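Q:
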Amino acid sequence: MQKKMSSALSRQQPDTRPVGKVWDIPLRLFHWLLMLAVIGAIASGKTQNWFWHEKMGLTVLGLIGFRLIWGVVGTRYARFSSFRLMPRHVIDYIRSRLAGDKSHSPGHAPTGAWATILLLAVLGGMASFGTMAHNDVLFEGPLAAIANGYGEGGFSDIATDWHNALEPVMFAMLAVHIVALLMYRIWLKINLVPAMITGGITGGITDGDEEMSPKPFSKTHQITGVILLLAMIAAAQCLGLIGERYYF
């Protein structure tokens with residue numbers, strides 16, 4: 071009886087044991103730079119500052135490109151192979167939360183993994199279509215003329231429609247992301263924001279979860295990641311040199 075009560079209590083209380091470094095420096099830089107670039111793109115778009123809207127959009131494109139590469143060659147929890155995306159993973163995770171389980175394992179939860187994939191797809195799509203989009207008179211993306219075949223009514227019009235159509239989807243996903251952070255903080259008593267600053271978390275390493283324990287990061291690996299991140303941003307900015315455009 072006492073063992074059962076102890077087990078029930080453990081499900082109700084969040085595990086505060088230190089787990090160690092989970093998020094590497096390149097991934098943390100990516101996260102905060104992406105946040106700033108998205109905010110900058112939204113603000114410059116709403117104020118019709120097309121010069122900075124292009125710069126911010128290309129920065130987003132470069133960051134998404136980095137994340138796709140880092141998702142393959144990055145550290146353990148940055149890799150997409152560590153994402154638990156199977157339907158059974160999502161169902162089991164939701165069931166455990168509804169049952170009162172407040173433990174927290176390293177890496178992305180199944181729902182968080184799906185949110186990451188979808189957000190990368192939406193932001194990557196918006197940034198990609200944005201390079202080919204236009205707003206009739208005031209501005210066109212660096213690849214708009216190529217997408218149009220230097221004619222009227224080409225793919226640039228389609229890219230513009232998709233760029234605009236994805237905007238409410240982006241806002242909805244950002245809202246869900248913020249709500250999820252608040253739920254973790256209020257319900258599970260887990261503050262995920264500091265983890266993206268320090269790289270370390272606390273949380274539920276259970277008896278069968280030792281293989282999930284983080285391993286020390288390689289300095290060379292992290293330096294390579296930072297260089298790759300900066301290179302991808304620079305490469306994306308080079309797209310802005312294509313064609314002759316005017317900003318009003």
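The opening position of the sequence shown corresponds to residue 71 in our numbering, with each subsequent residue numbered one higher. We put the beta carbon where it would ideally sit given N, CA and C, even for glycine. Treat the numbers as computed from the prediction; the structure is a model and nothing was measured.
At which residues does the alpha helix (DSSP H) containing Met240 begin and terminate?
A: Phe225 to Ile256 is the span of the alpha helix (DSSP H), which, as asked, contains Met240.
Q: In the DSSP assignment, what are the bridge partners of Lys259?
A: Partner(s): none; Lys259 has no beta bridge.
Q: Thinking C-beta only, is Gly194 closer than 8 Å to His233?
A: For His233 and Gly194, no; Cβs fall outside 8 Å.
Q: Quick check: the segment 108-115 against the segment 149-159, are at least 3 beta-carbon pairs closer than 8 Å?
A: Result no; under three Cβ-Cβ pairs closer than 8 Å.
Q: Does Gly269 come out as helix, strand or coil in the three-state DSSP assignment?
A: Looking at Gly269 - three-state DSSP - the assignment turns out to be coil, as it is neither helix nor strand.
Q: Below 8 Å on the Cβ atoms is my guess for Tyr254 versus Leu262; work out the distance and round it to an integer in Å.
A: The pair is a contact, with the Cβ atoms about 5 Å apart (cut-off 8 Å).
Q: Can you name the start and end residues of the alpha helix (DSSP H) that Lys125 belongs to?
A: Looking at the DSSP string, the run of the alpha helix (DSSP H) that includes Lys125 is Trp120 to Val143.
Q: Could you check the C-alpha separation between Leu267 and Ser151 for me, to the nearest Å?
A: Leu is not the amino acid found at residue 267; the sequence shown has Ile there. Those two C-alpha atoms are separated by around 23 Å.
Q: Quick one: residues in its chain with C-beta nearer than 7 Å to the C-beta of Leu299, no 5 flanking neighbours on either side, listed in chain order?
A: The residues are Pro96, Leu99, Phe100 and Phe136.
Q: Rounded to whole angstroms, what's the CA-CA distance from Ala191 to Val239? Just pull it up for me.
A: Spanning the two alpha carbons is a distance of roughly 11 Å.
Q: Rounded to a whole number of angstroms, what is the C-alpha to C-alpha distance between Ser166 and Trp257?
A: If you take the alpha carbons of Ser166 and Trp257, they lie about 14 Å apart.
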